[in-house]
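Using my numbering, read the sequence shown as starting at -9 and increasing by one per residue.
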Amino acid sequence: DVPIEETLEALHDVVKAGKARYIGASSMYAWQFATMLHVAEANGWTRFSTMQNYLNLLYREEEREMLPLCEAEGVGVIPWSPLARGRLTRDWDDTTERSQTDEFGKTLYAHTAEADRKVVEAVAAVAAERGVPRAQVALAWVLAKPEVSAPIVGASKPAHLDDAIAALALGLTEAEIARLEAAYVPHGVVGFA
């Protein structure tokens, strides 16, 4: 366990030396991030400019504390896994090589499978009504969050980038957002080992 002051001072030294212009944090509790922001400010050190956190239609726990904190502190939010490891892009029972071999991914939705299935079905319905791929709907939902600067999109095919770009122009209505969010149930906080 490295003291937070030591970590923050080292990151500040990296910025002072010109090796980086900005620093970002990833996947922690909001209280931890608030502490880091306070310690950096109290010591005149470089503040974090971004938070890379886990946020998608199947995992919205960041809406409770982290997103409001980032908005209040002027920190950009760049969520990882906006497509929930691909779950939001296909029928719930469809499998892929990744879904069968991703041990971490298997643990994310084990206790909320029925509610999560309903969210996936809502994404499919909105996508069908709009005549667009599900990925565009899921990404458009993330992009509709005012705190989000840009999601981190993993693309293994050129079409994945096409969907990401098209999602920028796909404005979801308030009614569509409400449909997409209706079946959500709280999840245990994950990714903070």
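Even glycine gets a Cβ: it sits at the ideal position worked out from N, Cα and C. All figures in this text were calculated on a predicted structure; none of them were measured in a lab.
| Asked | Found |
| --- | --- |
| 6 Å Cβ shell around residue 1 - same chain, five flanking residues per side excluded | 13 |
| Bridge partners - residue 66, DSSP secondary structure assignment | 40 |
| Host beta strand (DSSP E) of residue 142 (start-end) | No beta strand (DSSP E) contains residue 142, which DSSP labels as neither H nor E. |
| Residues near residue 81 in its chain [Cβ-Cβ closer than 8 Å; skip 5 each side] | 110, 114 |
| For residue 75 and residue 144, the rounded distance between their alpha carbons | 9 Å |
| Anticipated Cβ contact below 8 Å, residue 137 with residue 60, distance rounded | 6 Å |
| Sub-8 Å separation of residue 177 and residue 102 beta-carbons | yes |
| Neighbour-count burial assignment, residue 71, 16 or more Cβ in a 10 Å radius | buried |
| For residue 46 and residue 52, the rounded distance between their alpha carbons | 9 Å |
| Within 8 Å, strictly: CB atoms of residue 55 and residue 20 | yes |
| Proximity of residue 116 and residue 169 at Cβ, strictly below 8 Å | yes |
| Integer-rounded CB distance, given that residue 43 should sit under 8 Å from residue 4 | The Cβ separation is near 22 Å, so there is no contact. |
| Whole alpha helix (DSSP H) elements within the stretch 151 to 181, 4-residue minimum | 164 to 172 |
| Residue 125 versus residue 50: straight-line alpha-carbon distance, rounded | 17 Å |
| Bridge-paired residues (DSSP) for residue 15 | 41 |
| Pairwise C-alpha distance: residue 163 and residue 146 | 29 Å |
| Assigned exposure category for residue 87 - 16 Cβ within 10 Å defines buried | exposed |
| Cut-off 6 Å between Cβ atoms - residues of its own chain near residue 166, not counting five sequence neighbours on either side | 116 |
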